[in-house]
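Structure first, commentary second.
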Amino acid sequence: MSSVHVVALKKYYGAVHALDGLNLDVEAGTIFGFLGPNGAGKTTTLRILTGLAHPNSGKAQVAGIDVLKDGGNLARHIGHLPEEPAFYPWMTPREFLDYLGRLYGLSSSERTARIKELLALVRMEEVSRRRIAGFSRGMRQRLGVAAAILHHPEVLFLDEPASALDPAGRKEVLDLIGNLRGQCTVIMSTHILADVERVCDEIGIIDKGRMLVQSPRQELLEHYAVPAFEVEADDAAALARWAEELRRLPWVAAVAARNGAFRITVRDVQAAKRELLRLAVRSELSLNRFEEVRPSLEDVFLQLVGMENVA
Amino acid sequence: MNFFTVFRKEMQEQWRTYRFLIVAAVLAAFGLASPLLAKFTPEMLKAIPDVPPELLAAIPAPTLTDAIAQYVKNMSQFGIILALLVTMGVVVQEKERGTAAFFLTRPVSRETFLLAKFAALVVTFLASLVLAAAGCWYYTWVLFATPLAWGPFLALNGLMLAVFLVYMALALLASTLARTNGIAAGLAFVALVLIGGIGALPSIGNYFPGRLFSWGTTLMLGGNATAWPAFWISLGIIGVTLLVACLIFRRQEI
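First to last, the protein sequences are chains Y and D.
Every letter in the first sequence is one number past the one before it in the numbering used here, and letter 97, counting from 1, is 97.
Numbers given in the numbering used here equal positions in the second sequence, counted from 1, plus 311.
This is how it looks when you write it as structure tokens:
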């Protein structure tokens, strides 16, 4: 069953087409990575799906609710963490979560129990009575996550949840998101590919307001797999000579130096698997590394948004 | 039900960000100072060296009427300015800071978001005006040995509150329309100039909120003249302005 269903969504800001017929379908319980370069339309999509902006045309359903016709009922079914979560600086985390709990109609005992649980989850018990005004970006982000899941939402929207955090902060936030697997549907927009690879089950790549591809992560990687091998050797000159030799072979498409190694892109993977090592031995190369290249999401992303040359 | 939750938070915010204390302190100070100024201004003038004796003789002895006039003058200037200053940032600041986007994806309707803010400001100004009026009443009694008549004095303060509410509603609309604090301030200033400027015109001014100050003063002085049209028009401006603000905010992209 779809948790998020978007059809031909369009949003214009004057002459700028922020969304140009976006389609999106996310199954319940999925952690969905919404990937795209800056300005691709990720935030606009999330703003429409959370009721903060209105599209020019198209359809959008979240948790079975028509966002455009019945937006008033949406709030109780969704959680939302904007890119830079904003709080009332005079409040403490405990007061802030209590206020949200009241808005969601939780009873006093429910609020007390849930706030205790969440403060422990985001490791904020010790600062729970300190004013938010002095909090770091990471602390705000963790509090934002707690606020977004307080009411056990069916669908959770996270806009660049870890983009501005240091490595430790990113790990914490991504672990929190990963732990939500199976509890709710998570739509996470980001331009950080490593974050998506780490936690997302399914990936959608958006560019210029259109969905380029949407697929389970593993299927995407396999579909866009690069038929290539990487080779590293001690003797760079011998390796370069060997590379020249390879370029003449019909099943080799290209040989390129990359990060101190040679990447051999092939036309026939099976032939390469049979021949490459044999040819290396014949050339008396002393190999440090020989591996079939595992395509990264970065390769797929760059391939899809046509930025290979830029990279 | 969420209206009261949001209203409670707004009242907490008024208190914790010292907005309540500032409004109360400023209005109370002018309330207290009004009879003092009325009483001691002639004394201060007499204390200036080399004032011609004819001029000194021409300065009338301070009366209760001077205390009332001073109170109305202070409130009509500083009360209105305070109403605009305190209100014009309440919505736009939340839009700029991002808290509006954060909270409007919660079960808070946009109407509740706006009206709870307005209600909290009404309570702040009402309480502050009560303090100011109490200070004015007490000092007038001490200095002029005559207590102000309760009924007309309450009516005067009620009418002043109605004028403040007009400006607060207009500033809330400005804050709703604007994308930045500066624009909100500009719009609020335009509202002040328009209402004040047109209200100063001889005939049409009788229908504008400013007329309520002179009606209140007349009541204090024992007069019978009324200004009901200005009163109803003021209430109408408050209602229509709030309605327009809600309708605009409902469709506004945050």
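Glycine included, each C-beta is placed from N, C-alpha and C at the ideal position.
Note that this is a predicted model, so its numbers are computed, not measured.
Cutoff 7 Å: residue i Cβ touching any chain D Cβ
{"i": "A311/Y", "result": "Any reading at A311/Y is ruled out, since the residue's pLDDT is 36, under 50, leaving its predicted position unreliable."}
{"i": "Y99/Y", "result": "yes"}
{"i": "R258/Y", "result": "no"}
{"i": "T50/Y", "result": "yes"}
{"i": "A75/Y", "result": "yes"}
{"i": "A53/Y", "result": "yes"}
Any chain Y beta carbon closer than 7 Å to residue i
{"i": "A412/D", "result": "yes"}
{"i": "I565/D", "result": "yes"}
{"i": "P373/D", "result": "no"}
{"i": "K320/D", "result": "yes"}
{"i": "N313/D", "result": "yes"}
Interface partners of residue i on chain D, CB under 7 Å
{"i": "D102/Y", "result": "For clarity, residue 102/Y is Arg in the given sequence; the question names Asp instead. Within chain D, the residues near R102/Y are T316."}
{"i": "P85/Y", "result": "F413"}
Which of helix, strand or coil DSSP assigns to residue i
{"i": "F135/Y", "result": "coil"}
{"i": "N23/Y", "result": "strand"}
{"i": "I565/D", "result": "coil"}
{"i": "T30/Y", "result": "coil"}
{"i": "Y478/D", "result": "helix"}
{"i": "A256/Y", "result": "strand"}
{"i": "T416/D", "result": "coil"}
{"i": "M355/D", "result": "helix"}
{"i": "L165/Y", "result": "coil"}
{"i": "S128/Y", "result": "coil"}
{"i": "V145/Y", "result": "helix"}
{"i": "A8/Y", "result": "strand"}
{"i": "L180/Y", "result": "coil"}
{"i": "L459/D", "result": "coil"}
{"i": "A372/D", "result": "coil"}
{"i": "V555/D", "result": "helix"}
{"i": "V16/Y", "result": "strand"}
9 Å Cβ cut-off: residues of chain Y touching residue i
{"i": "E324/D", "result": "Y88, W90, M91"}
Endpoints, the alpha helix (DSSP H) within which residue i is located
{"i": "F429/D", "result": "421 to 455"}
{"i": "V403/D", "result": "403 to 408"}
{"i": "Y382/D", "result": "375 to 385"}
{"i": "D98/Y", "result": "93 to 103"}
{"i": "A368/D", "result": "364 to 369"}
{"i": "T190/Y", "result": "Here T190/Y belongs to no alpha helix (DSSP H); instead the beta strand (DSSP E) covers 185 to 190."}
{"i": "L150/Y", "result": "First-last for L150/Y: undefined, no H or E at that position."}
{"i": "T398/D", "result": "391 to 398"}
{"i": "V317/D", "result": "313 to 327"}
Chain D contact residues for residue i, given Cβ-Cβ distances below 9 Å
{"i": "I78/Y", "result": "T416"}
{"i": "A240/Y", "result": "In chain order: nothing, as chain D lies at least about 55 Å away."}
Closer than 8 Å at the beta carbon, the chain D residues around residue i
{"i": "P82/Y", "result": "G409, A412, F413"}
{"i": "G72/Y", "result": "S420"}
Chain-ordered chain Y contacts of residue i [CB-CB under 7 Å]
{"i": "R327/D", "result": "W90"}
{"i": "V419/D", "result": "L103"}
Segment limits, beta strand (DSSP E) that includes residue i
{"i": "S107/Y", "result": "Careful: S107/Y lies outside any beta strand (DSSP E) and carries neither H nor E."}
{"i": "L316/Y", "result": "Summary: the structure shown does not reach residue 316/Y, with chain Y confined to residues 1 through 311, and so no result is reported for it."}
{"i": "L81/Y", "result": "78 to 81"}
Interface flag, residue i vs chain B, CB-CB below 7 Å
{"i": "A63/Y", "result": "No chain B is part of this structure, whose protein chains are labelled Y and D."}
Task: Runs of beta strand (DSSP E) lying entirely within the stretch 39 to 74 of chain Y, each at least 3 residues, in chain order - done: 57 to 62
Open item on the list: Please give the ranges of any alpha helix (DSSP H) in the stretch 262 to 309 of chain Y, keeping only runs that are unbroken, at least 4 residues long and fully inside the region.
Closed with: 269 to 282, 297 to 304
Open item on the list: In chain order, what are the residue ranges of uninterrupted alpha helix (DSSP H) at least 4 long that sit wholly in the stretch 485 to 553 of chain D?
Closed with: 492 to 510, 522 to 531
- [ ] For the stretch 196 to 253 of chain Y, list the beta strand (DSSP E) runs that are entirely contained and at least 3 residues long, ordered along the chain.
- [x] 202 to 207, 210 to 216, 228 to 233
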